[in-house]
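Visitor:
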Amino acid sequence: MSYDELAERLAADDRERRVAAFPDGSVDDYYAAFDAAGERIAEREAFGDRIASGDSDAVPIEREAREPGGQAVNAARQVHALGDDPTLYGHLEDPVFEALPFEATSMGDPSRVSVFPFDDDALLFAERSSDVANWSLGDLEAAAPSGDAVEALAADAVCCGNWASIDGLTDALETLAAGSLAAGTFVLDPGPVRTRSHGAVTDLLEALGELDETAAVVYSVNRSELEYTAAAIGADSDASGVDADLERLESVREMAGITAAVLHETEHAAVATRAETTVVENVSVDDPRRRTGAGDRFGAGLAVARARNWDWETALALGNCAASYYVATGETGTRDELRSFLDD
């Protein structure tokens, strides 16, 4: 019944919430690749075979789109589409960000990401900007009108992303915790945690536990990220399927001492809180159009729902719906579009 409840709540006319998002940003170029006959390469493996074959020194590619990207940027776009009030602090020094229809403050140069969206999976080539890699909370304080990071991020919910690419983000979270950040819900999607050491992941979880004393912290990851996080704290599972997901989520949540640990995956979303574990099957998509960025839409939907104190089942349903709509259409769904998507 979670999606029935979601449809009713999406139709309700309630006041907007303020959601802050930080600290990354990227310029995302989408490319198509072609074989020797000039036919578009549809499968990722075929692209790899084409490169490995050595039949040609070049693989023809064609840029099809250039878009604003990054976890914080994508989350803010979804928050805005759902009718709430996002405040974005990101790395936005590029004309591609000028059309963002909400308050956005730049802290430096964005990263550059080349995306090849094959039918089976996307392939990304990322060039991290030095401004993103070396970001600190001082950069946010320098950009914020108040000069105070805690005040700048005080909101009904906060979306924070790309910890894996930002070395100083753990220290920033500790500083926000010490400053008693006033945020109803703080959703962290850390990104590809496998690029960081087990020790760094453990330090992150401890920082999140400190932050949970003043904000309801949600650690939101995909399955690969969940498995690596669980391994980092020595809490792997002998179970399989959904049971393994829930065991790992509860281990991570308990070790960190946070409000919730959440899994977002193609087949379902799941959460472990202090009081319960919940699983919500995902909305099926028969003909995926775009996958890159779907997890960011999930996190934003989750933040919007929890900013309204929606129950976890409905909150997971909104995250699923926002992500699946994006996968199906390549667009960030509004409330009305998500309702129509559910009806269909």
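If you read the sequence shown in this note's numbering, its first letter stands for residue 46, the second for the next number, and so on.
We put the CB at the ideal spot given by N, CA and C, even for glycine.
Computed from a predicted model, the values in this text were never measured in an experiment.
(1) In the DSSP assignment, what residue or residues form a beta bridge with I106?
(2) Under 6 Å Cβ to Cβ from A227, same chain only, skipping five residues before and after it: list those, please.
(3) Output the distance between the C-alpha atoms of G148 and A209, rounded to the nearest integer angstrom.
(4) Suppose you measure from the CA of N267 to the CA of L55; what does that come to, to the nearest Å?
(5) Quick check on DSSP: helix, strand or coil for F147?
(6) Which one of G206, E251, A306, G153 has the shortest CA to CA distance from G338?
(7) Let me check understanding here. Comparing Cα to Cα, which of S285, G279, A305 lies closest to A261?
(8) Less than 7 Å separating the beta-carbons of G70 and V118?
(9) In terms of residues, what are the limits of the beta strand (DSSP E) holding R157?
(10) Indicate whether the contact test is met: 3 or more Cβ pairs, each with one atom in the region 173–181 and one in the region 315–329, closer than 8 Å.
(11) Just to confirm my understanding: we take L271, look at its own chain, exclude 5 residues before and 5 after, and list those with CB closer than 6 Å. What are they?
(12) Which residue or residues does DSSP assign as beta-bridge partners of F67?
(13) Using 7 Å as the threshold, is the C-beta distance between V330 and A373 below it?
(14) Determine the direct distance from the alpha carbon of H125 to that of L145, and round the result to whole angstroms.
(15) Do the region 127–138 and the region 46–53 meet, that is, are 3 or more Cβ pairs less than 8 Å apart?
(16) With DSSP as the reference, label P131 as helix, strand or coil.
(17) Roughly how many angstroms lie between the CA atoms of A245 and S385, to the nearest whole one?
(18) Is it the case that the Cβ atoms of R157 and E172 are separated by a distance below 7 Å?
(19) Could you tell me which whole beta strand (DSSP E) segments of length 3 or greater appear in the region 286–348?
(20) Among L347, A317, R351, S369, which residue has its Cα nearest to the Cα of R335?
(21) What's the C-alpha gap between V287 and A315?
(22) Per DSSP, what kind of secondary structure is S225 in: helix, strand or coil?
(23) Comparing alpha-carbon positions, which option in P162, R380, D332, V195 lies nearest Y75?
Guide: The answer reads as follows:
(1) In the sequence shown, the residue the question calls residue 106 occupies position 61. According to DSSP, which records beta bridges pairwise, I106 is partnered with A78.
(2) Position 182 of the sequence shown, counted from the start, is the residue given in the question as residue 227. A199, listed in sequence order.
(3) In the sequence shown, counting from the first residue as 1, residue 148 sits at position 103. In the sequence shown, counting from the first residue as 1, residue 209 sits at position 164. The sequence given here places Glu at residue 148; Gly does not occur at that position. Going by the C-alpha atoms only, they are around 25 Å apart.
(4) Looking up residue 267 in the sequence shown gives position 222. Looking up residue 55 in the sequence shown gives position 10. Distance between the alpha carbons of N267 and L55: 25 Å.
(5) Position 102 of the sequence shown, counted from the start, is the residue given in the question as residue 147. Reduced to three states, the DSSP call for F147 is coil.
(6) Numbered from its first residue, the sequence shown carries residue 338 at position 293. The shortest C-alpha separation from G338 is found at G206.
(7) Counting from 1 along the sequence shown, the entry for residue 261 is found at position 216. Comparing Cα positions, the closest option is A305.
(8) In the sequence shown, residue 70 corresponds to position 25, counting from 1. In the sequence shown, residue 118 corresponds to position 73, counting from 1. Cβ distance < 7 Å, so G70 and V118 count as in contact.
(9) For this step, residue 157 is matched to residue 112 along the sequence shown. In the DSSP annotation of this structure, the continuous segment of the beta strand (DSSP E) that includes R157 starts and ends at 156–162.
(10) Contact fails: fewer than three Cβ-Cβ distances are below 8 Å.
(11) Locating residue 271 in the sequence shown gives position 226, counting from the first residue. Excluding sequence neighbours, L271 sits near R293, L308.
(12) For the purposes of this step, residue 67 is identified with residue 22 of the sequence shown, where counting begins at 1. Beta-bridge pairing links F67 to C205.
(13) Numbered from its first residue, the sequence shown carries residue 330 at position 285. Numbered from its first residue, the sequence shown carries residue 373 at position 328. At a Cβ-Cβ threshold of 7 Å, V330 and A373 count as neighbours.
(14) On the sequence shown, residue 145 is found 100 positions in, with the first residue counted as 1. On the sequence shown, residue 125 is found 80 positions in, with the first residue counted as 1. Looking at the two C-alpha atoms, the distance is approximately 10 Å.
(15) No, the region 127–138 is not in contact with the region 46–53.
(16) Within the sequence shown, numbered from 1, the residue matching residue 131 stands at position 86. Three-state DSSP puts P131 in a strand.
(17) Reading the sequence shown from its first residue, position 200 is the one you call residue 245. Reading the sequence shown from its first residue, position 340 is the one you call residue 385. So the two alpha carbons sit approximately 42 Å from each other.
(18) Start at 1 with the first residue of the sequence shown, and residue 157 comes out as number 112. Start at 1 with the first residue of the sequence shown, and residue 172 comes out as number 127. The answer is yes: Cβ separation under 7 Å.
(19) Fully enclosed beta strand (DSSP E) runs of 3 or longer: 305–309, 313–318, 322–326.
(20) For the purposes of this step, residue 335 is identified with residue 290 of the sequence shown, where counting begins at 1. Distance from the Cα of R335 is smallest, within the candidate group L347, A317, R351, S369, for S369.
(21) Position 242 of the sequence shown holds residue 287. Position 270 of the sequence shown holds residue 315. Pairing V287 with A315, the inter-Cα distance amounts to about 8 Å.
(22) The residue given as residue 225 occupies position 180 in the sequence shown. In the displayed model, S225 falls within coil according to three-state DSSP, outside both helix and strand.
(23) Translated into the one-based positions of the sequence shown, residue 75 becomes position 30. Nearest option by C-alpha distance: P162.
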